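Participant: Would you mind keeping the following structure in view while I ask a few things?
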Amino acid sequence: RFGKSFKFIFSTLMQRTVASSPLAPSVKVKLIHFGFHTAADLLDVQPLQLCKEAGISQDEAVEVLQTLRGDAQSDQQEAASESVTALDLLHQEQIHSGVVTFCSELDAVLGGGVPVGKTTEICGAPGVGKTQLCIQLAVDVQIPLCFGGLGGKAVYIDTEGSFVVQRVVDMAEAAVEHCTLLAEDEEQRKALEEFTKEKILSGIFLIRCHGYVELLAEAYLLPDFLAKHPEVRLVVIDSIAFPFRHDFDDLSQRTRLLNGLAQKLILLATQHSAAIVLTNQMTTKVSDGQSKLIPALGESWGHAATQRLILHWDGVKSPEGECLILCL
Amino acid sequence: MVLLREGLCPGLSEDMVKALQGECIRTVEDLVSSDAEELAQKCSVSYKALVALKRVLLAQHTAFPISGADLYEELLSSTSILSTGIPSVDKLLDSGLYSGEITELAGGPGTGKTQMCFSVAVNTAHELKQNVLYIDTSGGVCAGRLLQMLQAKTSSTAEQMKALQRIRVFRVFDVFTLLCCLQNLRSNDLQKGSVGGGSVKAVIVDSVSAVISCVLGGKQTEGMSLMMQVAFELKMIAKDFNIAVLVTNHVTRDGNGKLKSGLGQSWSHVPRTRILLQRVEQPGAASSLRTATLTKSSRQSCNLMEEFNLSLQSEEEVKSGCSGKRKFNTDS
């Protein structure tokens with residue numbers, strides 16, 4: 001059996017071309033120039049030999065051989081060959097429920113809460129309740145499994161400075177109270193002993209980012225963080241628009257950075273079975289003499305999130321005003 | 001450009017390879033384009049041996065011409081047309097997705113690209129009973145929705161499950177992993193037909209722009225090369241294994257504010273057929289109405305437009321009940 005799997009990995013790797021592998025462009029150009037096009041060409045080559053023949057440094061030669069020969073079976077190669085049938089995916093989806101929002105209409109529209117393993121974007125005008133919803137989700141993800149929650153922790157990345165601890169305390173107290181009223185049997189009562197206001201507050205990891213560079217750096221560090229804390233089931237970025245809307249001269253660079261960030265986030269969501277929530281601001285679009293509010297960050301950002309919620313007021317703007325929710 | 005190695009062809013011994021490398025002849029191309037007489041003198045290798053070697057290498061690495069009649073015969077016998085499951089879109093595509101070609105669906109957010117991909121997958125898996133490979137790059141694949149669409153086609157649970165098993169989902173989120181995945185498919189899985197034990201008739205990539213747009217442009221030099229490598233892999237998969245490839249793309253606005261497909265001019269030559277999806281913005285229209293416009297086709301005249309309704313793809317959502325302990329209900 002070892003022989004069979006070895007042969008499979010072998011034949012898979014031999015087809016890998018140098019041009020399509022994640023190496024530095026300068027190294028790839030040198031390799032191709034000296035005739036190394038596929039992994040098969042590098043089969044019997046030693047690092048020192050490669051160094052001399054292709055004119056690259058020793059470290060680069062070692063890296064090339066490791067990447068192309070799969071001396072260390074990398075995550076990327078595993079991810080590329082892994083696949084699931086739609087049936088397995090259905091079973092996975094049925095096991096992982098979403099993060100409830102405590103608003104039954106919103107949960108119904110979302111199909112059971114904010115979905116796990118996907119990115120959800122919440123857009124709305126200032127004051128409509130995006131941050132409140134995010135804080136609520138950070139509390140709700142911690143509801144124990146026996147009450148129908150996820151029993152996990154939350155990472156809250158705050159870029160605007162709108163995270164107010166007192167509000168979290170209020171929501172935590174309300175959640176504990178709600179669960180206390182619902183508790184029916186021994187298991188739920190036992191879980192309630194663990195589910196306290198202090199526990200909820202300590203279950204939210206708060207990260208404050210100033211500017212887009214810190215946000216991007218944090219996105220790079222998140223996979224390691226989630227690997228160390230596998231109980232994290234929700235990541236909130238509030239908001240993703242703020243650092244990218246100020247003083248950004250090169251709009252095409254902004255689009256590229258945002259697209260790259262979106263891909264990293266969806267990879268994170270899928271690998272760690274976490275729900276990722278992003279908040280976005282609104283901007284005005286003028287067309288045909290009419291103006292309307294559309295989500296900020298541009299047209300291509302619209303494709304980034306898996307689900308998009310736009311919140312706006314229906315009628316008079318008041319503290320108890322109705323909210324009309326449009327789901328894209 | 002193949003590296004000269006011992007044993008590549010009869011007559012190419014290790015000594016020969018070393019002698020040639022001494023004269024900077026490393027690849028087949030270098031050898032074939034060099035002057036045999038001159039090389040024989042410099043390397044002190046027999047002229048006859050070199051000429052024989054050249055002939056053998058040329059024969060091994062040449063592409064052979066095929067007559068048009070043979071190609072036509074092959075086309076008639078092997079082309080298959082996959083219906084998308086939406087009759088008005090089939091009309092635009094001249095009855096459906098053609099195997100051996102890449103078809104592109106472009107549209108803004110929420111216009112129904114992923115829903116159409118689901119429709120193609122469900123139709124191919126259930127009606128045609130063929131396998132489908134679904135490469136998801138943006139996390140949009142939802143097995144619950146696939147099941148919903150299947151439930152509208154058949155009420156037999158066994159058939160629904162069998163159809164779901166024929167759809168294989170790959171989740172890749174960056175361009176290198178995508179290239180690795182496509183190369184693996186091309187070299188191993190598709191050849192052996194090992195994907196679910198049946199033949200694959202459709203490969204869907206949703207979406208190709210999500211992984212490529214972040215490497216294009218700016219100071220990055222590799223973006224175009226990677227995009228073209230993806231195009232190459234998809235075309236080879238379509239042609240070699242007679243598969244219909246469907247890709248989705250985002251849209252941008254040009255200088256006049258008109259919608260156009262993303263990824264630029266170079267990508268626009270890659271798909272054979274392109275469709276642009278848009279929402280219907282009339283005041284009285286249902287929110288699920290969409291229009292599909294044919295923007296590039298080699299079979300029909302362009303700018304043909306058809307309207308269709310996304311919600312006709314499934315029946316009412318089956319509400320699941322809650323039992324057991326009191327939990328947070330979603331239907332209250």
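Taken in sequence, the protein lines are chains A and B. In terms of full-length UniProt numbering, the first sequence opens at residue 1 and continues consecutively. In terms of full-length UniProt numbering, the second sequence opens at residue 1 and continues consecutively. Glycine residues also receive a C-beta, built at the ideal position from the N, C-alpha and C atoms. The model shown is predicted, which means the values in this text are computed figures rather than measured ones.
Below 8 Å, can you find three or more Cβ-Cβ pairs linking the stretch 264 to 273 of chain A to the stretch 144 to 152 of chain B?
Facilitator: These segments do not touch.
Participant: For B:Ser-309, tell me which candidate among B:Arg-55, B:Pro-87 and B:Leu-164 has the shortest Cα-Cα distance.
Facilitator: Residue 309 of chain B sits at position 309 when you count from the first residue of the second sequence. Note on identity: in this sequence residue 309 of chain B is Asn, with Ser being the wrong assignment. Considering only alpha carbons, the answer is B:Pro-87.
Participant: Any chance the CB of A:Gly-302 is under 8 Å from a heavy atom of the ligand COA?
Facilitator: By its list of ligands, the structure shown contains no ligand whatsoever, and the ligand COA lies outside what it can speak to.
Participant: Do B:Leu-82 and B:Thr-114 have their C-beta atoms closer together than 9 Å?
Facilitator: Here residue 82 of chain B refers to the residue found at position 82 when the second sequence is read from its first residue. Here residue 114 of chain B refers to the residue found at position 114 when the second sequence is read from its first residue. No, the Cβ-Cβ distance between B:Leu-82 and B:Thr-114 is not below 9 Å.
Participant: What is the DSSP secondary structure of B:Leu-39, counted as helix, strand or coil?
Facilitator: Against the second sequence, residue 39 of chain B aligns to sequence position 39. DSSP places B:Leu-39 in helix when its eight states are reduced to three.
Participant: Would you mind listing the alpha helix (DSSP H) stretches within the stretch 160 to 223 of chain B that are 4+ residues and don't spill past its ends, in chain order?
Facilitator: Qualifying alpha helix (DSSP H) stretches, in chain order: 175 to 184 and 208 to 212.
Participant: I need the DSSP call for A:Ser-291, collapsed to helix, strand or coil.
Facilitator: Within the first sequence, residue 291 of chain A is the residue found at index 291, counting from 1. Reduced to three states, the DSSP call for A:Ser-291 is strand.
Participant: Among the residues of its own chain, which have a CB less than 6 Å from the CB of A:Pro-144, if the five just before and after it don't count?
Facilitator: Within the first sequence, the letter at position 144 stands for residue 144 of chain A. Gly-151, Ala-191 and Phe-195, listed in sequence order.
Participant: So which residues of chain B does A:Val-84 contact, with C-beta pairs closer than 7 Å?
Facilitator: To locate residue 84 of chain A, count along the first sequence from 1; it is residue 84. Residues of chain B passing the Cβ test: Val-169.
Participant: CB-CB under 7 Å to A:Phe-102, same chain, minus the five flanking residues each way: which ones, in chain order?
Facilitator: Numbered from its first residue, the first sequence carries residue 102 of chain A at position 102. Around A:Phe-102: Gln-136 and Asp-140.
Participant: Over what stretch of residues does the alpha helix (DSSP H) that includes B:Glu-29 continue unbroken?
Facilitator: As a working mapping, residue 29 of chain B is identified with position 29 in the second sequence. First-last of the alpha helix (DSSP H) with B:Glu-29: 28 to 32.
Participant: Could you give the first and the last residue of the continuous alpha helix (DSSP H) run that contains B:Lys-55?
Facilitator: On the second sequence, position 55 is the one that residue 55 of chain B refers to. Reading off the sequence shown, one finds Arg at residue 55 of chain B, where the question assumed Lys. Unbroken alpha helix (DSSP H) run through B:Arg-55: 47 to 61.
Participant: Which term fits B:Gln-229, buried or exposed, when burial requires 16 or more other beta carbons within 10 angstroms of its beta carbon?
Facilitator: On the second sequence, position 229 is the one that residue 229 of chain B refers to. By the neighbour-count rule (16 or more Cβ atoms within 10 Å), B:Gln-229 is buried.
Participant: With a threshold of 9 Å between beta-carbons, can B:Pro-109 be considered close to chain A, or not?
Facilitator: Your numbering for residue 109 of chain B matches position 109 in the second sequence. True, the Cβ-Cβ gap to chain A drops below 9 Å.
Participant: At which residues does the alpha helix (DSSP H) containing B:Ser-119 begin and terminate?
Facilitator: Here residue 119 of chain B is taken as the residue at index 119 of the second sequence, counted from 1. Segment 113 to 126, the alpha helix (DSSP H) holding B:Ser-119.
Participant: With a threshold of 16 other CB atoms inside 10 Å of the CB of A:Val-235, please say whether the residue is buried or exposed.
Facilitator: As a first step, residue 235 of chain A must be located in the first sequence, where it is residue number 235. Buried is the call here.
Participant: Below 8 Å, how does it come out for the stretch 288 to 298 of chain B and the stretch 270 to 280 of chain B: are there three or more Cβ pairs, yes or no?
Facilitator: Contact between the stretch 288 to 298 of chain B and the stretch 270 to 280 of chain B is present, because at least three Cβ pairs lie under 8 Å.
Participant: Would B:Asn-249 and B:Val-208 qualify as a contact pair, given that the criterion is a beta-carbon distance under 9 Å?
Facilitator: Translated into positions along the second sequence, residue 249 of chain B becomes position 249. Translated into positions along the second sequence, residue 208 of chain B becomes position 208. Their beta carbons are under 9 Å apart, which means B:Asn-249 touches B:Val-208 by this criterion.
Participant: Hey, is A:Thr-196's beta-carbon within less than 9 Å of any beta-carbon in chain B?
Facilitator: One-based indexing of the first sequence puts residue 196 of chain A at position 196. Chain B, which has no Cβ nearer than 9 Å to the Cβ of A:Thr-196, makes this no.
Participant: Assign B:Leu-97 to one of three DSSP states: helix, strand, or coil.
Facilitator: The sequence position of residue 97 of chain B within the second sequence is 97, counting from 1. Correct three-state label for B:Leu-97: strand.
Participant: Measure the Cβ-Cβ separation of A:Val-64 and A:Leu-42 and say whether it is below 9 Å.
Facilitator: In the first sequence, counting from the first residue as 1, residue 64 of chain A sits at position 64. In the first sequence, counting from the first residue as 1, residue 42 of chain A sits at position 42. Yes. Within cutoff.
Participant: Would you mind telling me which residues of chain B sit closer than 9 Å to A:Lys-118, beta carbon to beta carbon, in chain order?
Facilitator: In the first sequence, the residue the question calls residue 118 of chain A occupies position 118. Ordered by position in chain B, the residues that pass the 9 Å Cβ test against A:Lys-118 are Gly-139, Gly-140 and Cys-142.
Participant: Which first and last residues belong to the beta strand (DSSP E) in which A:Val-232 is found?
Facilitator: Stepping through the first sequence from its first residue, residue 232 of chain A is reached at position 232. Its beta strand (DSSP E) spans residues 232 to 238.
Participant: Measuring straight from C-alpha to C-alpha, what distance separates A:Ala-72 and B:Arg-171?
Facilitator: Looking up residue 72 of chain A in the first sequence gives position 72. Looking up residue 171 of chain B in the second sequence gives position 171. Residue confidence is low: A:Ala-72 scores 48 on pLDDT, short of 50, so the model does not pin down where it sits. No coordinate-derived value is stated.
Participant: Counting only C-beta atoms, is B:Val-222 closer than 9 Å to chain A at any point?
Facilitator: Start at 1 with the first residue of the second sequence, and residue 222 of chain B comes out as number 222. For the record, residue 222 of chain B in the displayed sequence is Glu; it is not Val. By this cut-off, B:Glu-222 is an interface position.
Participant: Give the DSSP bridge partners of A:Val-45, in chain order.
Facilitator: Taking the first residue of the first sequence as position 1, residue 45 of chain A is located at position 45. A:Val-45 is not bridged to any residue.
Participant: How big is the Cα-Cα spacing for A:Val-164 and A:Lys-199?
Facilitator: The sequence position of residue 164 of chain A within the first sequence is 164, counting from 1. The sequence position of residue 199 of chain A within the first sequence is 199, counting from 1. Distance between the alpha carbons of A:Val-164 and A:Lys-199 is about 17 Å.
Participant: Who does B:Phe-308 pair with in a DSSP beta bridge?
Facilitator: Locating residue 308 of chain B in the second sequence gives position 308, where the first residue counts as 1. The partner list for B:Phe-308 (beta bridge, DSSP) reads B:Arg-290.
Participant: Quick one: what does DSSP say A:Thr-306 is sitting in, helix, strand or coil?
Facilitator: Here the question's residue 306 of chain A lines up with position 306 in the first sequence. In the structure shown, A:Thr-306 sits in coil (DSSP, three-state: anything other than H, G, I, E or B).
Participant: Hey, is B:Gly-284's beta-carbon within less than 9 Å of any beta-carbon in chain A?
Facilitator: Looking up residue 284 of chain B in the second sequence gives position 284. No - not a single Cβ of chain A is within 9 Å of the one on B:Gly-284.
Participant: Output yes or no for whether 9 Å exceeds the beta carbon distance between A:Leu-309 and A:Glu-93.
Facilitator: As a working mapping, residue 309 of chain A is identified with position 309 in the first sequence. As a working mapping, residue 93 of chain A is identified with position 93 in the first sequence. Cβ atoms of A:Leu-309 and A:Glu-93: not closer than 9 Å.
Participant: Between the alpha carbons of B:Pro-109 and A:Val-176, how many angstroms are there, rounded?
Facilitator: Taking the second sequence and counting its residues from 1, one reaches residue 109 of chain B at position 109. Taking the first sequence and counting its residues from 1, one reaches residue 176 of chain A at position 176. Each residue's Cα considered, the two are about 39 Å apart.
Participant: For A:Cys-123, write down the residues that DSSP places opposite it in a beta bridge.
Facilitator: On the first sequence, residue 123 of chain A is found 123 positions in, with the first residue counted as 1. A:Cys-123 is bridged to A:Asn-280 and A:Ile-310.
Participant: Comparing C-alpha positions only, which one of B:Leu-58, B:Leu-93, B:Gly-22 and B:Arg-26 sits nearest to B:Cys-43?
Facilitator: As a working note, residue 43 of chain B is residue 43 in the second sequence. For B:Cys-43, the nearest C-alpha among the options comes from B:Gly-22.
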